[in-house]
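As structure tokens, the structure follows; a few thoughts come after it.
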Amino acid sequence: MKNYLKNIALFNRERISINHKILIIGRGRWSQIITNELNSNFPNIEKIFVFSSKFKQEKSKSKKIIFTNSLAFLKKQNIKYIIIANKNSDHFKYVKLFLKNKNHILCEKPLVVTKNKLLNLEGRIKKNKCFLMISMQFFYAFYFNFINKNLIKNRKIKKIIIDWFDKKNEKRKGIIKNHDLKINFIEDIFYHVYSVLYQLANIKEYSFKQKPLREESRIIVNFFTNNKIETILNSSRNYTRRIRVIKIYFSNKDCLFLNFSKDSNIKAKLNDKTIRIPPVLMSKTIKYQLYFFLKQRKNDKKIELNNFLNLKNFFKNLYLLKEKL
1412 MKNYLKNIAL
1422 FNRERISINH
1432 KILIIGRGRW
1442 SQIITNELNS
1452 NFPNIEKIFV
1462 FSSKFKQEKS
1472 KSKKIIFTNS
1482 LAFLKKQNIK
1492 YIIIANKNSD
1502 HFKYVKLFLK
1512 NKNHILCEKP
1522 LVVTKNKLLN
1532 LEGRIKKNKC
1542 FLMISMQFFY
1552 AFYFNFINKN
1562 LIKNRKIKKI
1572 IIDWFDKKNE
1582 KRKGIIKNHD
1592 LKINFIEDIF
1602 YHVYSVLYQL
1612 ANIKEYSFKQ
1622 KPLREESRII
1632 VNFFTNNKIE
1642 TILNSSRNYT
1652 RRIRVIKIYF
1662 SNKDCLFLNF
1672 SKDSNIKAKL
1682 NDKTIRIPPV
1692 LMSKTIKYQL
1702 YFFLKQRKND
1712 KKIELNNFLN
1722 LKNFFKNLYL
1732 LKEKL
């Protein structure tokens, strides 16, 4: 448990040192969630600016939060850290804008770009000596590290089944979760699937030989991971309830069941025997992602797993998937 406990201790000890000005692009659900997480976990942040061209003259109850519709006003504020959380179709537009300004960026997924634009982004990042991180918060789900070390690491995986269901018009943190119907649901959740399986079983390679199958309200994707592990993804954005479940079958006929539908109540069973996960590991992942984004500096030698420069393999797999959608 050493590394992930060290990261949790680091967060608890050093979050008070985060004192930046931060800009959030967007006014929707994710913008509100991020603002709340910043307010709750980083008491010494200087200011949180929230930008939307649709703002009129809105005031915040908090003196730290400033709503604005003026990019000209923001240019005068000397803000280094930008979080892009507006509509999906505008993500790339604002990534380009703020990379040009040499800002450090955390962009909500998905980042819809062509292969040529990906290469262009890499060049801009290196030239401007800034960094771009993609919001893939399951890289910070430390309970997966615990499960990997204690239940998976030395076992040979034969098959994986993932159930990823969202409830229609579901309220999350008091806000209705609206899906962007212009984005294929499988493409959207692949960001999560990739980061979850990477943390659980060090899975980095995907091969897609079949097109997704539709079965009533579900979409089923059959594929192989790490070239040999049969993997099935069952998904829906219009299910009766929210489900995040993974079943892992091992070559020795053992079976691991994981239910992480709730961050604060992760359930794990090995061959129907309940596995206790330390409560300290069952916590919201967004606050950790924000912390490790805000502590990054341009000369840091260690870059995070969700840093764009670490995601070449992810995007390669994503484009293989998109060919089948």
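Residue numbers (our numbering): 1412 to 1736.
Where a beta carbon is used, it is the ideal one built from N, C-alpha and C, also for glycine.
- [ ] State the CB to CB distance for the pair Ile1433 and Ile1459, rounded to an integer number of angstroms; the pair is presumed to be in contact (CB under 8 Å).
- [x] 5 Å
Open item on the list: Using 8 Å as the threshold, is the C-beta distance between Phe1726 and Leu1529 below it?
Closed with: yes
TODO: Just confirm the distance between the C-beta atoms of Leu1608 and Ile1614, as a whole number of angstroms; I'd bet it's less than 8 Å.
DONE: 4 Å
TODO: Tell me where the alpha helix (DSSP H) around Lys1537 begins and ends.
DONE: 1526–1539
- [ ] Alpha carbon to alpha carbon, how far is Gln1488 from Glu1626? Give it in angstroms, no decimals.
- [x] 52 Å
Task: the region 1567–1579 contacting the region 1698–1706, beta-carbon criterion three pairs below 8 Å - done: no
TODO: For the region 1515–1530 and the region 1623–1643, state whether three or more C-beta atom pairs, one from each stretch, are separated by less than 8 Å.
DONE: no
TODO: Kindly indicate which three-state DSSP category Leu1722 falls into: helix, strand or coil?
DONE: It is coil, neither helix nor strand.
Open item on the list: Nearest by alpha-carbon distance to Lys1622: which of Glu1616, Ser1672, Val1632 is it?
Closed with: Val1632
Open item on the list: Rounded to whole angstroms, what is the Cα-Cα separation between Leu1543 and Lys1504?
Closed with: 14 Å
Task: Identified DSSP bridge partners for Ser1647 - done: Beta-bridge pairing links Ser1647 to Phe1576.
Task: Beta carbon of Leu1736 nearer than 8 Å to that of Ile1597 - done: yes
- [ ] Take Asn1589 as the anchor and find which of Asn1418, Asp1665, Asn1497, Lys1733 has the nearest alpha-carbon.
- [x] Asn1497
Open item on the list: Give me, in chain order, the residues of the same chain whose beta-carbon lies closer than 6 Å to that of Asn1728; leave out the 5 immediate sequence neighbours on both sides.
Closed with: Tyr1617
- [ ] Taking all protein chains shown into account, decide if Leu1592 is buried (16 or more other Cβ within 10 angstroms of its Cβ) or exposed.
- [x] So Leu1592 ends up on the exposed side.
Task: Endpoints, alpha helix (DSSP H) assigned at Val1604 - done: Where Val1604 is concerned, the enclosing alpha helix (DSSP H) stretches over 1596–1612.
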